[in-house]
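Sequence lines, in order, name chains A and B.
Each step along the first sequence adds one to the number in numbering that gives the first Met the number 0, with nothing skipped, and position 6 is 5.
Each step along the second sequence adds one to the number in numbering that gives the first Met the number 0, with nothing skipped, and position 106 is 105.
Glycine included, each C-beta is placed from N, C-alpha and C at the ideal position.
Small disclaimer: the values here were computed from a predicted structure and weren't measured.
Below: the structure, in structure tokens.
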Amino acid sequence: MALREKFERRRKDARWVAAAYGVLLLLLTVIYYLVQRGRDLPSILVTNRVLLFVLRNVNALLILIILFVLARNLLKLWLERRSRVLGARFKTKLVATYIGLSLVPVLILFFYASELLQGAIDRWFSGSLRSVLEGGYSIAQSLQEEIAERNGRDAARLARAVPAAELDTPERRAAVVRRLAGWRLEIGADFLALYDGTEFVQAVVDPSSGLEDLPEIARPFLLTAVDTGRATRVVVPAGGRGRLILAGATGTAPGGRSRPLVVVGTLLDPVTAARSEDLIQSYQAYRQLEVQKSQFKASYLLMFVLVTLLILLASSWMGLFLARRLMTPIQALAEGTRRISSGDLDHRIEVAADDEMAGVVDSFNLMTGELARNRAVIETKQRELVSANRTLAEERALVGAILENLAAGVLALGADGRVLAANGAALRMLHLREAELVGRPIAEAWADPERTRLAALLDAPAGSPPAQVSLVLGGERRTFEAKVTDLPDAGGGSAGRVLVLEDLTELIRAQKLATWTEAARRIAHEIKNPLTPIRLAAERLRARHRQGGEGLDELVEPSVDIIVREVGNMQGLVDEFSRYARMPGPQLAATALDRVVTEVLALYRDVKPGVEVAARVGAELGEAWVDPEQIRRVLINLIDNAVEATEAPGKIEVAAERHGESIELAVADTGRGIAPEDRDKLFLPFFSRKGRGTGMGLAIVHRIVSDHAGTIRVEDNPPRGTIFRVELPAGGRSGG
Amino acid sequence: MGLRPALLLVGLLAGAGGGEPAIRDLSISLDGPRLLASFRLENGFSDELLARIESGLPSGFVYELELKRDRKRWSDAHLGAARLEVVAMYNAVTREFLVNIKHDGRLIESRTLQERADLEASMTQFAAFQAFTLDGASERERYLIRVRVELAPGEVLGFIPVRRTSSWVESNKVRPRR
Numbered sequence: 000m001a002l003r004e005k006f007e008r009r010r011k012d013a014r015w016v017a018a019a020y021g022v023l024l025l026l027l028t029v030i031y032y033l034v035q036r037g038r039d040l041p042s043i044l045v046t047n048r049v050l051l052f053v054l055r056n057v058n059a060l061l062i063l064i065i066l067f068v069l070a071r072n073l074l075k076l077w078l079e080r081r082s083r084v085l086g087a088r089f090k091t092k093l094v095a096t097y098i099g100l101s102l103v104p105v106l107i108l109f110f111y112a113s114e115l116l117q118g119a120i121d122r123w124f125s126g127s128l129r130s131v132l133e134g135g136y137s138i139a140q141s142l143q144e145e146i147a148e149r150n151g152r153d154a155a156r157l158a159r160a161v162p163a164a165e166l167d168t169p170e171r172r173a174a175v176v177r178r179l180a181g182w183r184l185e186i187g188a189d190f191l192a193l194y195d196g197t198e199f200v201q202a203v204v205d206p207s208s209g210l211e212d213l214p215e216i217a218r219p220f221l222l223t224a225v226d227t228g229r230a231t232r233v234v235v236p237a238g239g240r241g242r243l244i245l246a247g248a249t250g251t252a253p254g255g256r257s258r259p260l261v262v263v264g265t266l267l268d269p270v271t272a273a274r275s276e277d278l279i280q281s282y283q284a285y286r287q288l289e290v291q292k293s294q295f296k297a298s299y300l301l302m303f304v305l306v307t308l309l310i311l312l313a314s315s316w317m318g319l320f321l322a323r324r325l326m327t328p329i330q331a332l333a334e335g336t337r338r339i340s341s342g343d344l345d346h347r348i349e350v351a352a353d354d355e356m357a358g359v360v361d362s363f364n365l366m367t368g369e370l371a372r373n374r375a376v377i378e379t380k381q382r383e384l385v386s387a388n389r390t391l392a393e394e395r396a397l398v399g400a401i402l403e404n405l406a407a408g409v410l411a412l413g414a415d416g417r418v419l420a421a422n423g424a425a426l427r428m429l430h431l432r433e434a435e436l437v438g439r440p441i442a443e444a445w446a447d448p449e450r451t452r453l454a455a456l457l458d459a460p461a462g463s464p465p466a467q468v469s470l471v472l473g474g475e476r477r478t479f480e481a482k483v484t485d486l487p488d489a490g491g492g493s494a495g496r497v498l499v500l501e502d503l504t505e506l507i508r509a510q511k512l513a514t515w516t517e518a519a520r521r522i523a524h525e526i527k528n529p530l531t532p533i534r535l536a537a538e539r540l541r542a543r544h545r546q547g548g549e550g551l552d553e554l555v556e557p558s559v560d561i562i563v564r565e566v567g568n569m570q571g572l573v574d575e576f577s578r579y580a581r582m583p584g585p586q587l588a589a590t591a592l593d594r595v596v597t598e599v600l601a602l603y604r605d606v607k608p609g610v611e612v613a614a615r616v617g618a619e620l621g622e623a624w625v626d627p628e629q630i631r632r633v634l635i636n637l638i639d640n641a642v643e644a645t646e647a648p649g650k651i652e653v654a655a656e657r658h659g660e661s662i663e664l665a666v667a668d669t670g671r672g673i674a675p676e677d678r679d680k681l682f683l684p685f686f687s688r689k690g691r692g693t694g695m696g697l698a699i700v701h702r703i704v705s706d707h708a709g710t711i712r713v714e715d716n717p718p719r720g721t722i723f724r725v726e727l728p729a730g731g732r733s734g735g
Numbered sequence: 000m001g002l003r004p005a006l007l008l009v010g011l012l013a014g015a016g017g018g019e020p021a022i023r024d025l026s027i028s029l030d031g032p033r034l035l036a037s038f039r040l041e042n043g044f045s046d047e048l049l050a051r052i053e054s055g056l057p058s059g060f061v062y063e064l065e066l067k068r069d070r071k072r073w074s075d076a077h078l079g080a081a082r083l084e085v086v087a088m089y090n091a092v093t094r095e096f097l098v099n100i101k102h103d104g105r106l107i108e109s110r111t112l113q114e115r116a117d118l119e120a121s122m123t124q125f126a127a128f129q130a131f132t133l134d135g136a137s138e139r140e141r142y143l144i145r146v147r148v149e150l151a152p153g154e155v156l157g158f159i160p161v162r163r164t165s166s167w168v169e170s171n172k173v174r175p176r177r
């Protein structure tokens with residue numbers, strides 16, 4: 000059943016309780032009215048045994064019912080309290096308070112009223128009242144007795160006056176009958192009858208007495224009179240008006256013969272009879288009350304007990320009702336709290352209270368609704384989180400798979416210097432097992448001299464260009480390109496570093512092979528070019544000599560010149576190559592690059608008409624740890640090429656700037672530019688698109704930049720021209 | 000002195016001595032199939048009862064009679080039961096006592112008496128009263144009755160009614176004869 004229905008029923012209960020109280024009040028009013036009216040009721044009714052019996056038993060039954068209900072309520076309360084039902088203690092206190100508050104005054108009232116009643120009943124039967132009633136009764140009885148006595152005397156006298164023999168013959172009997180009327184008038188009776196034994200003879204009635212007919216004389220009366228000689232009786236005459244007081248007398252005549260029975264009757268007038276009867280009845284009623292005095296007391300006592308118990312029952316009911324009414328929303332709140340604590344956030348309290356509890360219930364329901372909504376949001380977020388985690392895990396697995404399948408070695412280091420992860424390629428490159436690397440501090444894992452050099456790279460500043468390092472690992476020299484980047488954390492700081500190793504050994508080997516192949520081809524080509532004129536000059540000399548030597552002298556001189564010149568060219572070629580091969584390593588020193596740039600640019604001032612050569616040096620350039628001579632040579636080679644490629648009007652700009660821990664030197668021209676297909680070969684020895692030149696210039700530039708652990712790259716210079724950008728570490732590292 | 004006054008005298012003497020109400024002088028005889036019972040109630044007609052009667056309240060006794068075979072240990076010894084209600088009421092105007100006697104709820108006698116002694120005798124003494132009819136009774140068996148009287152109910156604590164009865168009294172045994 001829904002709580003709302005329960006509450007509605009409870010409200011109906013309240014109406015029922017109000018109705019019950021109304022009925023109770025009405026019942027008490029009726030009882031009070033009946034008690035008051037009881038004083039005016041006929042005594043015969045008040046003292047009716049059946050009524051008393053019914054009243055007493057109804058009282059007893061009601062008391063039992065009330066005791067049962069009261070006991071049931073109290074037992075129920077006790078059981079609830081024992082079972083620790085919520086609110087049982089409160090109910091108990093409330094009921095106890097109500098009963099306690101009502102018990103004392105009710106008991107006082109009960110005992111006081113009982114005593115008052117006992118006293119009142121005792122006063123009813125006090126001597127004075129009894130004597131008054133007894134006196135009245137005696138007067139009424141005396142009146143009847145006196146009349147009966149007088150009638151008896153008259154009857155006896157008349158009986159003696161009538162000889163028994165007078166009735167033996169019809170003639171004598173007729174004579175006696177004729178005398179009856181005179182006797183009646185003589186004694187002044189209302190009724191006079193003559194019997195022979197119990198046999199009716201004759202009777203006369205005073206026509207003015209009010210007797211409508213001859214009264215019926217009961218046979219027992221006659222028998223008594225005959226047997227005892229005298230009898231009296233009070234009878235109700237025909238018509239029921241008044242009372243007829245009869246007296247009969249007979250006697251025994253001399254000789255033992257019975258005399259006739261004479262019955263004399265006096266009619267008591269209705270008013271006197273009624274008054275007399277009232278007196279008698281009043282006394283009788285009083286005696287009945289007296290006889291039932293104890294029963295009256297008991298009945299009234301029962302009535303008081305009934306009222307007392309009714310009040311107690313009403314008090315306990317009121318206590319229970321109020322407690323129940325108060326506890327209903329509290330129990331609903333407790334139940335709601337229990338349900339919500341067990342996870343049922345859809346539970347709502349439905350108590351249609353109309354007092355302060357309504358606010359509490361509404362707040363509770365609002366809180367529950369808010370909790371439910373928050374839980375829904377949390378669940379949604381949780382689902383999203385799970386989904387994101389799953390995606391993340393998938394991505395991590397993908398990244399892991401990618402990392403595992405990467406040719407490059409990747410190591411992640413935490414901020415504390417411990418290796419967080421390393422892919423298979425890294426382990427293979429470094430000739431280490433995962434257990435020897437992952438989870439250990441890098442200084443401990445790479446304690447050997449070779450790997451210590453690699454570890455030193457990890458201290459390079461963020462954004463440093465990749466560095467090449469050559470290590471002897473597993474008895475083999477390997478060349479790696481190492482790139483160190485920061486591992487950003489969620490706050491934008493650094494959570495560690497990532498080292499990416501690329502094994503360049505094979506690439507370098509291949510590049511070297513290709514380079515030397517190209518160089519060999521170039522050398523062959525360069526050597527072949529002078530060999531042809533030398534061969535032609537020599538063949539021409541030999542042919543002229545075979546022809547007899549005519550004109551040989553004229554031919555010797557130019558041919559030898561050709562041979563000498565071409566050999567000279569070959570010598571220059573060999574010298575250049577020899578110089579490239581013998582180029583020493585950089586001698587690093589703190590160098591003010593702005594001065595180097597200024598000095599180099601001074602060589603090219605006005606070198607080519609219409610071509611402007613300018614410098615742009617950053618204010619924060621400062622010093623760099625480089626070989627100043629080699630850097631000077633780099634700039635000269637690059638500017639030479641730019642001047643060669645730039646036609647007037649044109650511009651050549653040399654820029655030197657610091658970007659954090661690196662220095663950038665850029666040489667930009669507005670010349671003809673470099674074809675894309677030539678860019679891969681620019682830095683190879685003996686590659687040149689110029690008509691003259693050895694093709695070693697950019698090869699030497701590339702060698703110097705590499706020796707400084709720097710990079711060089713070529714870009715277009717829109718709208719036309721080329722930019723060579725050289726990036727060098729300001730700290731002055733040098734490649735191995 | 001007739002039998003009734005004599006019994007009355009005996010009764011009064013016995014009553015004067017006080018004691019618990021009891022059935023006395025219970026005897027039965029057979030008149031053909033009619034079983035006639037005679038008994039009297041001793042110490043039953045109390046002053047309290049007389050006062051109740053004279054106050055005009057109908058009051059009296061209920062005599063309970065049971066007919067039995069003379070087989071004490073047999074379960075079918077009980078043959079029948081009868082109730083004899085004797086209720087008296089006083090008319091203070093005519094100064095007469097009206098005594099009604101009912102046998103199993105049927106009025107069998109109504110007397111009007113003027114004397115208290117007659118009243119007591121009529122309520123407590125029964126002579127040759129036809130209690131049962133032994134139709135089809137076996138000559139081979141003997142029969143008896145037992146009687147007790149139920150007095151006006153008493154009270155405990157002033158309001159709890161209690162039934163007051165005398166002890167059962169058994170009569171002589173009679174054997175029907177054809």
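- Message: Contact criterion: CB-CB distance below 8 angstroms. Does A/A18 meet it with respect to chain B?
- Response: Taking the first sequence and counting its residues from 1, one reaches residue 18 of chain A at position 19. Closer than 8 angstroms: no.
- Task: In angstroms with no decimal places, state the Cα-to-Cα distance between B/E187 and B/I100.
- Result: Any property of residue 187 of chain B remains undetermined from this structure, which presents chain B solely from 0 to 177.
- Query: Helix, strand or coil: which one does DSSP assign to A/D736?
  - Reply: Residue 736 of chain A is absent from the model: chain A starts at 0 and stops at 735.
- What whole-angstrom Cβ distance do B/V85 and B/G59 have, given they're in contact under 8 angstroms? As a first step, residue 85 of chain B is located in the second sequence; it is residue number 86 there, counting from the start. As a first step, residue 59 of chain B is located in the second sequence; it is residue number 60 there, counting from the start. The Cβ separation is near 5 angstroms, so the contact holds.
- Among residues of its own chain, excluding the 5 on either side of A/S42, which ones have a beta-carbon nearer than 7 angstroms to its beta-carbon? By 1-based counting over the first sequence, the position of residue 42 of chain A is 43. For A/S42, the predicted model reports a pLDDT of 44, less than 50, meaning its position is unreliable; a value from the coordinates is still stated below. Short of 7 angstroms from the beta carbon of A/S42, and not among the five residues preceding or following it, lie these beta carbons of its own chain, in chain order: A284, Q287, L288.
- Message: In the DSSP output, what is B/N90 paired with across the bridge?
- Response: Along the second sequence, read from residue 1 onward, the residue named residue 90 of chain B stands at position 91. Its beta-bridge partners are B/E95.
- Item | As assigned by DSSP and simplified to three states, the class of A/H544 | On the first sequence, position 545 is the one that residue 544 of chain A refers to. The answer is helix: DSSP assigns A/H544 an H, G or I state.
- Quick one: using the 10 Å Cβ neighbour count with 16 as the cut-off for buried, is A/I310 buried or exposed? Here residue 310 of chain A refers to the residue found at position 311 when the first sequence is read from its first residue. A/I310 should be labelled buried.
- Name the chain B residues that come within less than 7 angstroms of A/R129, Cβ to Cβ? Taking the first residue of the first sequence as 1, we reach residue 129 of chain A at position 130. Under the 7 angstroms cutoff, chain B gives no residues; its nearest Cβ is about 13 angstroms from A/R129.
- B/T164 versus B/E63 - alpha carbon distance: Position 165 of the second sequence, counting from 1, holds the residue named residue 164 of chain B. Position 64 of the second sequence, counting from 1, holds the residue named residue 63 of chain B. Between B/T164 and B/E63, the C-alpha separation is close to 10 angstroms.
- By a C-beta neighbour count over all protein chains shown, 10 Å radius and 16 as the cutoff for buried, is B/H77 buried or exposed? Reading the second sequence from its first residue, position 78 is the one you call residue 77 of chain B. With fewer than 16 other Cβ atoms within 10 Å, it is exposed.
- May I ask you to verify whether the stretch 129-144 of chain A touches the stretch 152-163 of chain A, counting CB pairs closer than 8 angstroms and requiring at least 3? Segments in contact, no.
- Task: Pull up the DSSP beta-bridge partners for A/T484, would you.
- Result: Taking the first residue of the first sequence as 1, we reach residue 484 of chain A at position 485. Answer is A/V497, bridged to A/T484.
- Message: Tell me which residues share the same chain as A/W182 and place their Cβ nearer than 7 angstroms to its Cβ, disregarding the 5 neighbours each side in the sequence.
- Response: As a first step, residue 182 of chain A is located in the first sequence; it is residue number 183 there, counting from the start. The beta carbon of A/W182 sits closer than 7 angstroms to those of L157, L191, all from its chain and outside the five residues before and after it, given in chain order.
- Message: Once the 5 residues before and after A/V633 are set aside, which same chain residues still bring their CB inside 6 angstroms of it?
- Response: Locating residue 633 of chain A in the first sequence gives position 634, where the first residue counts as 1. Answer for A/V633: V700, I703, listed in chain order.
- Task: Evaluate A/Y194 with the Cβ neighbour count: other Cβ atoms within 10 Å of its Cβ, from every protein chain shown; 16 or more gives buried, anything less gives exposed.
- Result: Within the first sequence, the letter at position 195 stands for residue 194 of chain A. By the neighbour-count definition (other C-beta atoms within 10 Å, threshold 16), A/Y194 is a buried residue.
- Message: 8 angstroms is my cut-off, CB to CB: does A/V262 come that close to chain C?
- Response: Judged by its chain identifiers, the structure shown contains no chain C, and its protein chains are A and B.
- Item | Contact list for the stretch 267-290 of chain A against chain B, Cβ threshold 9 angstroms | Considering only beta carbons, the part of the stretch 267-290 of chain A lying closer than 9 angstroms to chain B consists of A272, S275, E276, I279, Q280, Y282, Q283, A284, Y285, R286, Q287, L288, E289, V290, in chain order.
- Message: Against chain B, with Cβ distances strictly below 8 angstroms, would A/P219 count as a contact?
- Response: One-based indexing of the first sequence puts residue 219 of chain A at position 220. With 8 angstroms as the cut-off, A/P219 counts as an interface residue toward chain B.
- Message: Quick check on A/V263: buried or exposed, where buried means 16 or more other Cβ atoms within 10 Å of its Cβ?
- Response: Taking the first sequence and counting its residues from 1, the one referred to as residue 263 of chain A is at position 264. Its Cβ being crowded by 16 or more others within 10 Å, A/V263 is buried.
- Based on the DSSP output, what are the partners of A/Q467 in its beta bridges? One-based indexing of the first sequence puts residue 467 of chain A at position 468. Checking the DSSP bridge columns, you'll see A/Q467 partnered with A/E480.
- Query: Between which two residues does the alpha helix (DSSP H) containing A/I678 stretch?
  - Reply: The residue given as residue 678 of chain A occupies position 679 in the first sequence. In the sequence as displayed, the identity of residue 678 of chain A is Arg instead of Ile. For A/R678, there is no enclosing alpha helix (DSSP H), since its DSSP letter is neither H nor E.
- Do the CB positions of A/Y579 and A/M428 come within less than 8 angstroms of each other? Locating residue 579 of chain A in the first sequence gives position 580, where the first residue counts as 1. Locating residue 428 of chain A in the first sequence gives position 429, where the first residue counts as 1. Contact flag unset, no.
- DSSP state of A/Q586 mapped onto helix, strand, coil: If you number the first sequence from 1, residue 586 of chain A lands on position 587. A/Q586 falls in the coil class under three-state DSSP.
- State the Cα-Cα distance for the pair B/E41 and B/A87, rounded to the nearest angstrom. Counting from 1 along the second sequence, the entry for residue 41 of chain B is found at position 42. Counting from 1 along the second sequence, the entry for residue 87 of chain B is found at position 88. Their Cα atoms are separated by approximately 17 angstroms.
- Message: As a quick exercise: from A/E643, A/R417, A/E145, pick the residue whose alpha carbon is nearest that of A/G609.
- Response: In the first sequence, the residue the question calls residue 609 of chain A occupies position 610. Residue A/E643 is the option with its Cα nearest to A/G609.
- Nearest to A/A509 by CA position, among A/D485, A/A489, A/T478, is which residue? Translated into positions along the first sequence, residue 509 of chain A becomes position 510. When only C-alpha atoms are compared, the closest one is A/T478.
- Query: What separation, rounded to the nearest whole angstrom, lies between the Cα atoms of B/G79 and B/V155?
  - Reply: Working through the second sequence from its first residue, we reach residue 79 of chain B at position 80. Working through the second sequence from its first residue, we reach residue 155 of chain B at position 156. C-alpha separation (whole angstroms): 32 angstroms.
- Is the CB of B/A81 under 8 angstroms away from at least one CB in chain A? As a first step, residue 81 of chain B must be located in the second sequence, where it is residue number 82. It does not: the Cβ of B/A81 has no partner Cβ on chain A nearer than 8 angstroms.
- Message: On the CB-based measure, 16 or more other CB atoms within 10 Å of its CB, does A/D715 come out buried or exposed?
- Response: Residue 715 of chain A sits at position 716 when you count from the first residue of the first sequence. Exposure of A/D715 is indicated by the presence of fewer than 16 other C-beta atoms within 10 angstroms of its C-beta.
- When we look at the beta-carbon of A/M326 and count the other beta-carbons within 10 Å, is it buried (16 or more) or exposed? Within the first sequence, residue 326 of chain A is the residue found at index 327, counting from 1. Around the CB of A/M326, 16 or more other CB atoms lie within 10 Å, so the residue is classed as buried.
- Message: Applying the 10 Å Cβ sphere with the 16-neighbour rule, what's the burial state of A/H365?
- Response: The sequence position of residue 365 of chain A within the first sequence is 366, counting from 1. What sits at residue 365 of chain A in the sequence shown is Leu, not His. Residue environment for A/L365: exposed (fewer than 16 other C-beta atoms within 10 angstroms of its C-beta).
- Buried versus exposed, by CB contacts within 10 Å (16 or more), A/P328: For the purposes of this step, residue 328 of chain A is identified with residue 329 of the first sequence, where counting begins at 1. Residue environment: A/P328 is assigned as buried (16 or more neighbouring CB atoms within 10 Å of its CB, all protein chains considered).
- Identify the continuous alpha helix (DSSP H) that holds A/L184 and give its terminal residues. Counting from 1 along the first sequence, the entry for residue 184 of chain A is found at position 185. It spans 169-186 - the alpha helix (DSSP H) in which A/L184 sits, taken as one unbroken run.
- Query: Applying the criterion that 16 or more other CB atoms from any shown protein chain within 10 Å of the CB defines a buried residue, is A/Q280 buried or exposed?
  - Reply: Reading the first sequence from its first residue, position 281 is the one you call residue 280 of chain A. By the 10 Å Cβ count, A/Q280 comes out buried.
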